[in-house]
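Undergrad:
Protein chains in written order, with the working numbering: chain V, 157 to 635; chain R, 157 to 635.
1) Is DSSP giving residue 644(V) helix, strand or coil here?
2) Between the alpha carbons of residue 182(V) and residue 435(V), how many angstroms are there, rounded?
3) What is the DSSP secondary structure of residue 200(R), reduced to helix, strand or coil?
4) Taking DSSP as the reference, what is the three-state secondary structure of residue 323(R)?
5) For chain V, find out if any of its Cβ atoms is closer than 7 Å to the Cβ of residue 241(R); answer yes or no.
6) Identify the contact partners of residue 195(V) in chain R, using a Cβ-Cβ distance below 8 Å as the criterion.
7) By the three-class DSSP mapping on this structure, what secondary structure does residue 292(R) have?
8) Taking a contact to mean a Cβ-Cβ separation below 7 Å, would you say residue 633(R) touches residue 601(R) in this structure?
9) Does the Cβ of residue 460(V) have 16 or more other Cβ atoms within 10 Å, making it buried, or fewer, making it exposed?
10) So residue 312(V) contacts chain R; which residues on that side make the cut at Cβ distance below 7 Å?
11) Please confirm whether residue 379(R) and residue 635(R) have their CB atoms less than 7 Å apart.
12) Kindly identify the DSSP beta-bridge partner or partners of residue 369(R).
13) Can you list the residues of chain R that residue 289(V) reaches, using a CB-CB cut of under 8 Å?
14) Could you check which residue in 404(R), 627(R), 302(R), 522(R) has the C-alpha nearest to that of residue 588(R)?
15) Please determine, among 338(R), 579(R), 533(R), the residue with the shortest C-alpha to C-alpha distance to residue 608(R).
16) Using the rule of at least 16 other Cβ atoms within 10 Å of the residue's Cβ for burial, across every protein chain shown, is residue 300(V) buried or exposed?
17) Output needed for residue 440(R): all residues of its chain with C-beta closer than 8 Å, excluding positions within five of it in sequence on either side, in chain order.
18) Please list, in chain order, the chain V residues whose beta carbon lies closer than 8 Å to that of residue 296(R).
19) Are the Cβ atoms of residue 295(V) and residue 220(V) separated by less than 7 Å?
20) Taking the alpha carbon of residue 160(V) as the reference point, which residue from 168(V), 169(V), 176(V), 166(V) has its own alpha carbon closest?
21) Return the residues of the stretch 240-259 of chain R that lie within a Cβ-Cβ distance of less than 7 Å from chain V, sorted by chain order.
22) Decide if residue 261(R) is buried, meaning its Cβ has at least 16 other Cβ atoms within 10 Å, or exposed.
23) Assign residue 354(R) to one of two classes, buried (16 or more other C-beta atoms within 10 Å of its C-beta) or exposed (fewer than that).
24) Residue 273(V) versus chain R: which residues are under 8 Å apart at the beta carbon?
25) With a cut-off of 7 Å, does the C-beta of residue 143(R) fall near any C-beta of chain V?
26) Taking only beta carbons into account, state which residues of the stretch 499-523 of chain V come closer than 7 Å to chain R, listed in chain order.
27) With DSSP run on the structure shown, which of helix, strand or coil describes residue 173(V)?
28) Alpha carbon to alpha carbon, what distance is there between residue 307(R) and residue 157(V)?
29) From the DSSP secondary-structure annotation, give me the bridge partner or partners of residue 398(V).
30) How would you call residue 286(V), buried or exposed, if buried means at least 16 neighbouring beta carbons within 10 angstroms?
31) May I ask you to report which of helix, strand or coil DSSP gives residue 589(V)?
32) Taking the beta carbon of residue 390(V) as the centre, do at least 16 other beta carbons fall within 10 Å, making it buried, or is it exposed?
33) Do residue 412(R) and residue 318(R) have their CB atoms nearer than 7 Å?
34) If you follow the beta strand (DSSP E) that residue 448(V) is part of, which residue opens it and which one closes it?
35) With 16 other CB atoms within 10 Å as the buried threshold, where does residue 357(R) fall?
36) Quick check on residue 496(V): buried or exposed, where buried means 16 or more other Cβ atoms within 10 Å of its Cβ?
Printed below as a string of structure tokens:
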């Protein structure tokens with residue numbers, strides 16, 4: 157409930173974020189270290205995210221399945237880099253049914269290992285490939301510093317795991333998924349995320365290539381918003397995923413994995429929201445428009461509610477996710493603040509004067525105050541609201557894109573790079589050596605985000621060491 | 157793959173079941189004790205189950221949310237009966253992030269406790285009620301004897317948890333949900349499950365009333381297919397879920413919980429399937445109709461495939477879940493067996509003669525052999541297939557209902573009861589004492605299933621002890 161104001165973003169961005177998540181009723185702290193409860197409003201948002209992705213995955217030939225939550229500890233020891241990456245973060249089950257277990261079980265931090273084990277059993281021939289499976293659920297990593305949605309011990313996601321007969325096909329899959337993630341960000345989340353390849357240092361544990369989409373938050377930090385990995389035959393060798401190819405020769409499968417997690421809700425908040433609270437893109441908003449009827453007495457109430465009810469039915473029938481706020485004994489001002497806090501894109505106000513004039517007032521959440529307010533006729537209101545939702549969606553993307561572009565810099569030398577990454581991103585040539593990457597991190601706390609697929613048509617010189625460089629990379633501080 | 161025959165049900169029902177689950181590609185054994193992997197075909201079936209239920213819950217005002225998978229051990233100790241019921245089945249996390257935990261965490265076997273804890277935080281006033289939350293996910297109980305879908309350590313389900321201002325409303329909720337479960341069984345699963353109240357012995361740990369739907373399997377055992385519980389204020393007292401009522405007095409909330417789990421897939425198998433494999437009701441079948449094109453040479457192939465492709469597009473556009481089996485180098489006979497094993501309701505065969513005659517052959521899965529085969533015109537095929545799917549759905553329910561009714565007995569005395577429950581159910585008067593219930597169990601292994609809501613208009617005498625009895629109960633051996 158919006159009974160208190162948030163701190164402004166400029167005052168205290170971290171505290172603004174924490175309070176917004178709670179006050180917008182998205183999530184709550186759980187009584188388990190580092191875990192969250194995703195409340196119904198937050199989960200409805202997550203369902204809008206997942207249902208679009210699920211449809212896209214199915215349309216590209218993927219199927220869903222479910223693998224156990226608990227994984228034998230020994231599975232993690234089969235792939236060397238993987239175990240090094242995950243060992244410090246594991247939650248371990250040592251007892252079951254009142255007895256100590258012979259082999260410890262791990263609450264899955266990710267499922268490459270157990271899925272790899274099953275794939276080895278299922279895949280015998282090239283006819284069994286590609287195998288394109290997605291699992292929806294949660295995983296657990298024992299994080300030290302946690303933050304609602306952005307970094308919690310348990311988090312929600314899908315994890316795609318695919319096996320292919322050859323490396324080109326597996327790489328194609330990795331890029332196909334990254335394209336879906338990019339479209340999700342642009343079209344649904346109104347976030348202009350940037351596709352690229354991770355540096356060796358920033359790769360997923362066990363991957364040969366990790367690609368990512370990176371988004372700029374309001375505080376200009378980067379948030380890795382989705383990743384798609386190519387493992388080559390690393391996991392196939394570790395788990396013996398072998399098949400008879402078309403020439404009847406035994407070969408290792410090529411595998412990929414990829415994920416977007418509930419972190420993306422953190423990105424939605426930090427890209428679009430403002431000092432009044434959450435701002436949601438209409439395509440993802442659990443409630444796209446809210447009707448607030450305004451009246452002072454029973455006579456006004458009956459006139460106003462007749463119109464409000466009719467409009468509610470019309471908009472609902474048109475497929476708009478609509479809510480009627482007919483709570484009694486709560487002021488309109490309180491209701492306005494409440495729905496602003498929750499980020500509902502459009503507010504429809506109906507008072508006695510509107511009834512007389514056959515009009516309503518529309519307030520758009522992305523432009524608070526007078527600028528975002530308009531008065532429209534009740535006739536044709538469904539179309540007006542639909543159009544407004546489209547406008548808001550486009551406007552949020554435009555604003556986020558302009559903000560991103562205004563804060564990506566092209567520093568002329570290392571001194572300037574050190575300055576710009578304090579409050580923005582740098583897109584600079586880099587020699588791709590670990591030494592230069594580490595130096596930037598040490599000097600500035602900025603890391604390489606990704607090497608974008610879109611590159612200038614010529615090379616340059618590394619902004620750190622001056623050696624020849626083929627490609628530019630984004631340097632930024634990151635969540 | 158249907159490369160080997162199943163044992164018949166009469167030969168070895170348990171082994172028939174196990175092999176069917178594997179060969180119909182529904183699930184596989186996991187490398188974790190007592191756990192299963194739900195394969196894509198099984199998961200698609202589960203998605204058809206869950207999406208209908210989710211829609212019904214939302215239509216009745218419920219919302220989804222997510223609570224942590226791990227629950228502090230101390231939470232289980234707050235409700236006495238609950239801890240006694242679940243303590244032997246817990247999987248316990250003792251280490252996290254490389255260190256021993258101060259308080260052990262339990263992988264949730266059910267979520268009343270942690271949800272109760274959050275409800276206590278969220279519910280302050282009667283205005284916050286009712287709170288109607290559903291969680292979709294998996295839970296874990298350390299079962300000793302496991303069986304795919306029927307009893308696995310980890311299983312999939314929804315768990316509804318609601319809090320109400322008064323007991324009548326909470327009980328109404330319990331019955332409303334049971335009605336949804338009953339409609340699911342009749343309308344979707346074609347299973348004539350019976351609603352009723354559980355005996356005190358068979359109640360859920362901590363419940364004041366447990367209601368269930370019970371279904372009869374092919375081997376005449378009962379399977380509890382869904383439960384809906386009323387807790388009174390037991391959990392509210394344990395977790396201090398208190399609110400200010402309309403008179404501004406502090407009161408305890410009344411709570412319910414309810415669930416249908418992936419067990420229901422076991423019921424679907426054991427009610428409808430036959431010695432050739434799985435039989436699925438059309439409304440739940442991931443694939444409702446499969447096209448098998450039949451040809452011997454390239455000339456035939458091109459003619460047949462032109463028709464098959466056209467039909468595929470037409471049926472798909474009509475919303476039928478259709479699959480084309482155009483696998484090369486596999487005989488039609490093998491394909492027929494394969495789709496029979498997987499329980500696809502309708503097979504559409506198209507050969508060169510069908511092309512000439514503008515017809516196709518339709519084979520219905522529920523009636524194998526000639527009886528279920530018909531030849532219909534290609535013109536109007538969409539309607540023919542749709543009608544056939546409706547017929548199959550109705551026919552499965554009719555068959556299961558007749559089977560159930562033929563195997564429910566009304567024994568005249570205890571001696572006859574002891575006989576009939578060896579191969580059927582008894583519906584008999586019972587005095588509702590634990591002693592008589594225990595005696596039946598000891599003598600026959602049959603337990604009370606539920607006291608059906610539909611009762612004769614007069615009482616009788618207990619079939620065990622002869623004392624006066626108000627209501628009849630179902631006695632049966634159960635899974």
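We put the CB at the ideal spot given by N, CA and C, even for glycine.
TA: Reading it off the structure:
1) In the structure as shown, chain V begins at 157 and stops at 635. Residue 644(V) is therefore absent and cannot be evaluated.
2) 12 Å
3) helix
4) helix
5) no
6) 221
7) strand
8) yes
9) buried
10) 222
11) yes
12) 351(R), 382(R)
13) 196
14) 627(R)
15) 338(R)
16) exposed
17) 201, 204, 205, 344, 345, 424
18) 225, 226
19) no
20) 176(V)
21) 244, 245, 247, 248, 249, 250, 251, 252, 253, 254
22) buried
23) buried
24) 187
25) Because chain R here runs from 157 to 635, residue 143(R) falls outside it and cannot be looked at.
26) none
27) helix
28) Low confidence applies here, because residue 157(V) scores a pLDDT of 46, under 50, leaving its location unreliable and the question unanswered by this model.
29) 408(V)
30) buried
31) coil
32) buried
33) yes
34) 445-449
35) exposed
36) buried
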